[in-house]
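Quick notes on the structure that follows.
Protein chains: 6
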Amino acid sequence: MFRHTDHLQFQAKPEKPDPVYARKLQELIGGAFGEMTVTMQYLFQGWNCRMPGKYKDMIMDVATEEIGHVEMIATMVARLLEGAPATESTRAASADPVMAAVLGGMDPQQAIVAGGGPVLADANGMPWNGRYIVASGNLLADFRANVAAEAQGRVQTARLYNMTDDPGVRDMLRFNLARDTYHQNLWLAAIEELKADGLEGTVAPDALFDEEYTEHASQLWNLSDGTKSAEGRWAGGQAPDGVHEMAFLADPAPLGGPGVPPPPDPLLYATYDGSLGKPAKPELGTETGVVGKIKKAME
Amino acid sequence: MFRHTDHLQFQAKPEKPDPVYARKLQELIGGAFGEMTVTMQYLFQGWNCRMPGKYKDMIMDVATEEIGHVEMIATMVARLLEGAPATESTRAASADPVMAAVLGGMDPQQAIVAGGGPVLADANGMPWNGRYIVASGNLLADFRANVAAEAQGRVQTARLYNMTDDPGVRDMLRFNLARDTYHQNLWLAAIEELKADGLEGTVAPDALFDEEYTEHASQLWNLSDGTKSAEGRWAGGQAPDGVHEMAFLADPAPLGGPGVPPPPDPLLYATYDGSLGKPAKPELGTETGVVGKIKKAME
Amino acid sequence: MFRHTDHLQFQAKPEKPDPVYARKLQELIGGAFGEMTVTMQYLFQGWNCRMPGKYKDMIMDVATEEIGHVEMIATMVARLLEGAPATESTRAASADPVMAAVLGGMDPQQAIVAGGGPVLADANGMPWNGRYIVASGNLLADFRANVAAEAQGRVQTARLYNMTDDPGVRDMLRFNLARDTYHQNLWLAAIEELKADGLEGTVAPDALFDEEYTEHASQLWNLSDGTKSAEGRWAGGQAPDGVHEMAFLADPAPLGGPGVPPPPDPLLYATYDGSLGKPAKPELGTETGVVGKIKKAME
Amino acid sequence: MFRHTDHLQFQAKPEKPDPVYARKLQELIGGAFGEMTVTMQYLFQGWNCRMPGKYKDMIMDVATEEIGHVEMIATMVARLLEGAPATESTRAASADPVMAAVLGGMDPQQAIVAGGGPVLADANGMPWNGRYIVASGNLLADFRANVAAEAQGRVQTARLYNMTDDPGVRDMLRFNLARDTYHQNLWLAAIEELKADGLEGTVAPDALFDEEYTEHASQLWNLSDGTKSAEGRWAGGQAPDGVHEMAFLADPAPLGGPGVPPPPDPLLYATYDGSLGKPAKPELGTETGVVGKIKKAME
Amino acid sequence: MFRHTDHLQFQAKPEKPDPVYARKLQELIGGAFGEMTVTMQYLFQGWNCRMPGKYKDMIMDVATEEIGHVEMIATMVARLLEGAPATESTRAASADPVMAAVLGGMDPQQAIVAGGGPVLADANGMPWNGRYIVASGNLLADFRANVAAEAQGRVQTARLYNMTDDPGVRDMLRFNLARDTYHQNLWLAAIEELKADGLEGTVAPDALFDEEYTEHASQLWNLSDGTKSAEGRWAGGQAPDGVHEMAFLADPAPLGGPGVPPPPDPLLYATYDGSLGKPAKPELGTETGVVGKIKKAME
Amino acid sequence: MFRHTDHLQFQAKPEKPDPVYARKLQELIGGAFGEMTVTMQYLFQGWNCRMPGKYKDMIMDVATEEIGHVEMIATMVARLLEGAPATESTRAASADPVMAAVLGGMDPQQAIVAGGGPVLADANGMPWNGRYIVASGNLLADFRANVAAEAQGRVQTARLYNMTDDPGVRDMLRFNLARDTYHQNLWLAAIEELKADGLEGTVAPDALFDEEYTEHASQLWNLSDGTKSAEGRWAGGQAPDGVHEMAFLADPAPLGGPGVPPPPDPLLYATYDGSLGKPAKPELGTETGVVGKIKKAME
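Chains as they are written, first to last, in full-length UniProt numbering: chain A, 1 to 299; chain W, 1 to 299; chain F, 1 to 299; chain L, 1 to 299; chain Y, 1 to 299; chain D, 1 to 299.
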């Protein structure tokens, strides 16, 4: 269960409105790596964490912090939109380059749909969606996704930092940049901790190594021009997992045969000339179909 | 430019059709971490790479390999669908539990839309989309996303490996698992190489540390019950970036004031009682609006 | 079955083209509360209405009217785009602030994709989709959704009314505003009629009151700072349904235990330390799994 | 800012796992009217509320409660999935109707993607998205949307209540049904309060009545067969807003002319025979184009 | 403007309910080539048609017919769902293979969301969206899209025809198949008519032939193994447009240089080693940037 | 399997950057008919082609070419963005109309998300998705879709050609226009070849003519005002398939009865007055339900 405190985690007061920037900030609310993504990603990871204790607790700490980040940026957007043009059309723009820029650069839905506030979408108005989040239950794989999300988020925040010179906006972004730095370190530290606790290794998941084809777990397949890709750390020496030796496959040949699909079911009306032989009967489990043979075997 | 060889990178021959499994395999084609995602992610990273040479080359190698993985799994799906029920309805199911299971578990669009082949969608039929890919131009941030993608991909492949006992399917998945292992090691090695080459550090981007609020770049904000989250590596000691000291903020208080949006533009018809004072005039840049003042200052 | 008359329900003639406004009007075609939504919402409600007669007839009347509204606004958009810049690039804009505004504010797909006409998308180019519509079969719940849709639609239309001073556009919007007023009244009246006819009550659905926990059907849980939320009509006195007494729960405590998920199936490779005990066997319905016990009980 | 308590708002313990039902419950997490929608809808309404005090406070109370509802149902889903089949394929189903049903009815992504936990999607696996939420800044319009959302939510919960006989699941749903009842009453009471406070009327927004065409604000246009739609409350008498008189337009005729778009810009290559006259020059604002005339007038 | 008649265009009465088939039929309502697509595609083409007369009229005829097709199939879906299982869970399925199949194969949202009726989505529950429609204003290009849509639609209808043996369903589909046949012929005839009227040629649009590089308008680039693709009609002889000669390019070489992007703006934090030289200054139009030079040239 | 050559298929060098045009070009990357669509459409058609030989080979040739087209345009976009404004806000625009236009017209995600490169989205920032592609297995239906895609693609390219006067951009587009011309001819020729080979006819699929209602396979239903639609080739004479006679149905009447859905299951809480009789019991297959009768009949 959650509780709310009406003070913001950090101040979110622009010195001056800037409706064009208000659109850009939407990326940090509803973009693929915005605050909404990390909020829901960490909440679902926390709720799905199978170990009560330090990991689950820490994930819930950060998740709960992130809801407050959405709140901060949503408030900032509303303030950046104060006094934005709600009434004018192209005609007015012809005498005023500021208005021309603002009319062009604004998100029209912030006015028409949200009444001068934020929407739950990115800088191009595409709504946030639930496929952005990663919560697989494998903490190593998920923490790697978390490092990646915080890294992308900090790159975007850094870019946005340079797109304004408003002292109030920059004040808030200085806080956000710092949290993104901490959170990158946090998830990297948590990966170390998983190893130290003997819960995970380097490769996720730490399983099926004996099933997979080891000879294919080490080579870079050189499939583009030249061999410059042989010059990197990835083309030789011990792999980061401490187990595999890395190698370079200079001139790889396909290992499989031609990728021909089977003869089609005639009742699906795929174009066919019979060159692959007679198709299996379409009815499931009757005389000659393969699934029919399974069924018979089961009986 | 690309060229195609009609042999598959690796064999993709199921021993027997299994239309229910054919639906599950869609996750590896069109899921958020399926082969389509890594294909397009690496292609766009490669095309956007600003350094001719080993990095760009290597990225294009792997990208080109991944198109062939989509091809392998697409072929496998078509073969798993051979002889699947194209004609029967509920009535037939009442006498046949195999058909009952298959009718229920199949992806109906594989038959109706694709004529017995794969669709470009995930295991629930949701189409793949371009927001799944990550290509920011910052190679450190992108390689972290690549590790994460390969980790999630291998977790999903491992789960799918256990969901079949078909020797032919497992044969292909043993290859895929191995490539996912190599690719995780590859991107981890590439992160080491970026540091060794002096191109990036630990935190992405390696910039703006002097602008961000350092005091907020180190603390875990304890926002959920208890203090078990203080027990982890992330709550003390040197951060993985070798620069910051990590710490635990046991009882954090908000640093900002209440998140009140400004008085609304009356022509947007937000409900308002005047308690925040008189709203700025809505027209942009005229007398009293804040943006108006900017414009005047510029003049 | 439907028939079409080639006259518009109401005039849609702008005095002058305005390609920036043409983009904004897209919200009324393909936005979440645009004419397309009410068209399809009412059609599906009508087709799914289980009572031949006045309700079904009325719903189909309004649904059929709304198709004509999409037509009116689509025509208006095409006319607003007449003579819009189809050829120029940034270079031309540098000498002409009108063009600067127009180039920036236009929807590029109206030109590139639709050849100077409307698209089936909102003001940010996001396509309309079928999840916007509400047609549950419960007329009370659906009519409440209809009031809400007409209210949001009229709010948006009112905002758009202020964003133009073109007499022809305003002429059409005066008609639309009036229809939105009537339709709000219509659906409110229809809710009264449902009650008068004894078909529904105040709360949707009018069922399961004896099953739900009555003590939880009356209290506001105070989960944010302060107690100002106790001052409203919702915190005491008789509820609008005439049955419940409303109340204020000043300091609510959670009623459930910790939200711990069960021990994971090992073949799904979730990170786990055994702290929740031994996981159930993953195989469905075999010896020790819980679903297995169900099956046995059934046998 | 938010804080988290690790106890659930209400108990979420199924008596027995039921993976088929776990898929259906996804509708209450990530469906258009699931808990995620009301959570984000109320948060954005609260953050965008322009009046500190009882309304904003109450909205934040309910919003904060709803995050806890997502948590409860997410936990329930994980528990319903305990022991679900993670390994079997069609072959096994042929001997076991339970497994046949479960294999067919499960959400494959709950296993493959989430490792035996919930996803942020609906019962068909479609991800939740930000266009589901309504937060226009007009509280009357938004509260009507809130009543509608709670009504649809309670209808869906009631349906789901009948789809299980598990005492633990029903226990939780009894709580949810009760909260949905209270919340419907709450938003209806809040609409009364808005009127009592003189902030809003019956029709949203309470503006532009003098601009809209009054004669069109009262009539039902009879556009489908018969005149049964004249028999309802909406076809005569005073409207719910207490201002308009409702009426029935038995045989409506279109009020506009034919909906002909203007002659096309030749450089957009629309098919055209010249029957509408010579098209305007495509260049913006040059000699003969209409926008050109605007520009000249401005000069 | 439109009018509605309450009789269906054709009968839609299944002999018996079949809830599994009801899900499959959703493809014909809300799939990419379902009735909703052709309805909205033809409506937008008609509204955007720049020639009053036979073309516009005919497009509106077919568009108006298609709304009635959505109506027919929506009605059929509701009837197929009669008596479908609204209450049972996995437990009941264990004793009943029919229920097992039905529970697995049903669309859960038809019950939970639509109350036993159709949804505006496809067979996998993915909602219909506005990007499915094609309405470019170029009638040749659009009529080709119409032939394609009717062809895909008839292929899908034919597949669905074989998936049922219900005489009532087949009765309706016999009508739909026939209309799809007529509509394919219709759009092919309309393409002939466009040519006969001198409005369009074979290639859309019939323009810019003198601008495009003629030598590249005739050759098949052989980019995959072997030369079997040289054996087709497309590799030699006169092209269908009667103008070009077709040819086979056996061993094509790239015509461009390496695809290297320019040096990056340092404030966007792309990883970079300086190998492409010094990046242009990021500020727009100031001293050394290229856009700056344009601006100067304009001045 | 695929291989990559680092030279572009054709040169992609703009003379000057133009960030506004860079946004428009996104339509050719990630729009519904952009290069990404044809790439994936042809790949899936090729992988799903059931006839080794000239068709499959040719499809793979073109598919492989199209990946290279995505590459060309992605490179062009990065180059058009060189020196684009990465730092400025509204304030700067007030003194500079070029910047005003550019700020307004740019895609903010090209900077914030992609670091000055392309995104996998269209000109409005909507991501490309897998439902854009058509690969039904019926080659006639698919080739018709391919002609349509190339026609729409060439129309869009032609429009974009007129939106720039940059010689380098036009150089590349002259190549693209030519390939679109060839590809339209190619797919038209391939349709001829399918007929010549006796694999398909004119209508797709070439089946079920004896099942469909022939009398409905020939008439235009006149459902809109007037009879001008009788004047076209489609209203009389032999149909393009050489079999049917086309005709005009001047005053069509509905052939079906009213579209009334069945009485609702009471446990789904649809509003109902009993006018349709007693609903079937909701439990599947038990005593009185219709599906129950099927089950009994099967037994």
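Yeah, the Cβ is synthetic: ideal placement off N, Cα and C, and Gly gets one too.
Since we're looking at a predicted model, the values are computed, not measured.
C-alpha distance - leucine 255 (chain Y) paired with glutamine 11 (chain D), whole-angstrom precision: The residue labelled residue 255 (chain Y) in the question sits at position 255 within the fifth sequence. The residue labelled residue 11 (chain D) in the question sits at position 11 within the sixth sequence. Near 7 Å, if we compare the C-alpha coordinates of glutamine 11 (chain D) and leucine 255 (chain Y).
Chain C contacts from the region 163-182 of chain Y (Cβ-Cβ distance under 8 Å): Going by chain labels, chain C is absent from the structure shown, which instead holds the protein chains A, W, F, L, Y and D.
Amino acids of chain L, ordered along the chain, whose beta-carbon sits closer than 9 Å to that of glutamine 156 (chain W): The residue given as residue 156 (chain W) occupies position 156 in the second sequence. The answer, in chain order, is Ile112, Val113.
Given leucine 177 (chain A), which residues of its chain have a CB within under 6 Å of its CB, disregarding the five upstream and five downstream residues? Sequence index remark: in the first sequence, residue 177 (chain A) carries index 177 (1-based). Thr157, listed in sequence order.
Does DSSP put glutamate 200 (chain A) in a helix, a strand or coil? Stepping through the first sequence from its first residue, residue 200 (chain A) is reached at position 200. Three-state result, glutamate 200 (chain A): coil.
At least three beta-carbon pairs within less than 8 Å, the region 117-127 of chain D to the region 113-131 of chain F: yes
Grab the span of the alpha helix (DSSP H) containing phenylalanine 44 (chain L) for me, first residue to last. Taking the fourth sequence and counting its residues from 1, the one referred to as residue 44 (chain L) is at position 44. Note, phenylalanine 44 (chain L): alpha helix (DSSP H), 35-47.
Do the region 190-205 of chain Y and the region 137-156 of chain Y make contact, defined as three or more Cβ pairs closer than 8 Å? yes
Let's see if you can read the secondary structure: which residues bound the beta strand (DSSP E) around methionine 246 (chain W)? Indexing the second sequence from 1 puts residue 246 (chain W) at position 246. Residues 245-249.
With 8 Å as the threshold, decide whether the Cβ of glutamine 9 (chain D) is near any Cβ in chain W. Locating residue 9 (chain D) in the sixth sequence gives position 9, where the first residue counts as 1. Answer yes: the Cβ-Cβ gap between glutamine 9 (chain D) and chain W drops below 8 Å somewhere.
Distance, Cα to Cα, residue 308 (chain W) vs threonine 164 (chain W)? In the structure as shown, chain W begins at 1 and stops at 299. Residue 308 (chain W) is therefore absent and cannot be evaluated.
Using DSSP with H/G/I as helix, E/B as strand and the rest coil, what is proline 108 (chain F)? Locating residue 108 (chain F) in the third sequence gives position 108, where the first residue counts as 1. Here proline 108 (chain F) sits in helix by DSSP.
Nearest by alpha-carbon distance to arginine 23 (chain Y): which of Y:Gly117, Y:Met51, Y:Met1 is it? As a first step, residue 23 (chain Y) is located in the fifth sequence; it is residue number 23 there, counting from the start. When only C-alpha atoms are compared, the closest one is Y:Gly117.
Leaving aside the five residues before and after alanine 151 (chain A) along the sequence, list all residues of the same chain whose C-beta is less than 7 Å from its C-beta, in chain order. Here the question's residue 151 (chain A) lines up with position 151 in the first sequence. Same-chain partners within the cutoff: Gln184.
May I ask you to list, following chain order, the residues of the region 135-150 of chain A that have a beta carbon less than 9 Å from some beta carbon of chain F? Ser136, Gly137, Asn138, Leu139, Leu140, Ala141, Asp142
Excluding the 5 residues flanking proline 279 (chain L) on each side, which residues of the same chain have their C-beta closer than 7 Å to its C-beta? Against the fourth sequence, residue 279 (chain L) aligns to sequence position 279. Hits under 7 Å: Pro263, Pro264, Asp265, Pro266.
Helix, strand or coil for tryptophan 221 (chain W), going by three-state DSSP, please let me know. Residue numbering aside, residue 221 (chain W) sits at position 221 when the second sequence is read from its first letter. Strand at tryptophan 221 (chain W).
Does chain A have any CB closer than 8 Å to the CB of threonine 75 (chain L)? Counting from 1 along the fourth sequence, the entry for residue 75 (chain L) is found at position 75. So, interface residue.
Is the beta carbon of proline 252 (chain A) sitting closer than 8 Å to the one on leucine 223 (chain A)? One-based indexing of the first sequence puts residue 252 (chain A) at position 252. One-based indexing of the first sequence puts residue 223 (chain A) at position 223. Contact flag set, yes.
Beta-carbon separation of lysine 195 (chain W) and glycine 232 (chain A) under 8 Å? Start at 1 with the first residue of the second sequence, and residue 195 (chain W) comes out as number 195. Start at 1 with the first residue of the first sequence, and residue 232 (chain A) comes out as number 232. No. Outside cutoff.
Starting from the Cα of arginine 50 (chain W), find the closest Cα among W:His244, W:Ser218, W:Ala135, W:Asp18 and give me that residue. Looking up residue 50 (chain W) in the second sequence gives position 50. Nearest option by C-alpha distance: W:Ala135.
Run down chain A in chain order and give the residues with a C-beta less than 7 Å from the C-beta of leucine 268 (chain Y). Mapped onto the fifth sequence, residue 268 (chain Y) falls at position 268. Within chain A, the residues near leucine 268 (chain Y) are Arg159.
Answer yes or no: do threonine 64 (chain A) and phenylalanine 44 (chain L) have a C-beta to C-beta separation smaller than 8 Å? As a position in the first sequence, residue 64 (chain A) is number 64, starting the count at 1. As a position in the fourth sequence, residue 44 (chain L) is number 44, starting the count at 1. Cβ distance not < 8 Å, so threonine 64 (chain A) and phenylalanine 44 (chain L) don't count as in contact.
Mind reading off the beta-carbon distance from threonine 181 (chain F) to glutamate 212 (chain L)? Whole number of angstroms is fine, and I expect it under 8 Å. The residue labelled residue 181 (chain F) in the question sits at position 181 within the third sequence. The residue labelled residue 212 (chain L) in the question sits at position 212 within the fourth sequence. Their Cβ separation, rounded to whole angstroms, is 6 Å, which keeps threonine 181 (chain F) and glutamate 212 (chain L) in contact under 8 Å.
As assigned by DSSP and simplified to three states, the class of arginine 50 (chain Y): Against the fifth sequence, residue 50 (chain Y) aligns to sequence position 50. If DSSP states are grouped into helix, strand and coil, arginine 50 (chain Y) belongs with coil.
Rounded C-alpha distance that separates threonine 227 (chain F) from glycine 236 (chain F): Residue numbering aside, residue 227 (chain F) sits at position 227 when the third sequence is read from its first letter. Residue numbering aside, residue 236 (chain F) sits at position 236 when the third sequence is read from its first letter. Cα to Cα, threonine 227 (chain F) sits roughly 13 Å from glycine 236 (chain F).
For a contact meaning CB atoms closer than 9 Å, what does glycine 34 (chain W) contact in chain Y? In the second sequence, residue 34 (chain W) corresponds to position 34, counting from 1. Result: empty, since nearest Cβ-Cβ is about 16 Å, beyond 9 Å.
Out of F:Pro127, F:Val243, F:Leu186, point me to the one whose CA is closest to methionine 58 (chain F)'s CA. Here residue 58 (chain F) refers to the residue found at position 58 of the third sequence. Comparing Cα positions, the closest option is F:Leu186.
Residues that isoleucine 59 (chain W) contacts on chain D, provided the C-beta gap is smaller than 8 Å: Indexing the second sequence from 1 puts residue 59 (chain W) at position 59. The premise fails here: isoleucine 59 (chain W) is roughly 10 Å from chain D at the closest Cβ pair, so nothing lies under 8 Å.
CA-CA distance, glycine 83 (chain L) and methionine 60 (chain W)? Position 83 of the fourth sequence, counting from 1, holds the residue named residue 83 (chain L). Position 60 of the second sequence, counting from 1, holds the residue named residue 60 (chain W). Whole-angstrom Cα-Cα distance: 42 Å.
Tell me whether glycine 277 (chain A) is buried or exposed, calling it buried when 16 or more other Cβ atoms sit within 10 Å of its Cβ. Here residue 277 (chain A) corresponds to residue number 277 of the first sequence, with the count starting at 1. Exposed, since its Cβ has fewer than 16 Cβ neighbours within 10 Å.
Same chain, Cβ closer than 8 Å to methionine 298 (chain A), neighbours up to 5 away in sequence not counted: Here residue 298 (chain A) is taken as the residue at index 298 of the first sequence, counted from 1. The pLDDT assigned to methionine 298 (chain A) is 46, lower than 50, so where the model puts this residue is not dependable, and the model offers no usable value.
Under 8 Å between C-beta atoms, does alanine 101 (chain L) make it to chain W? Taking the first residue of the fourth sequence as position 1, residue 101 (chain L) is located at position 101. It does; some Cβ of chain W falls within 8 Å.
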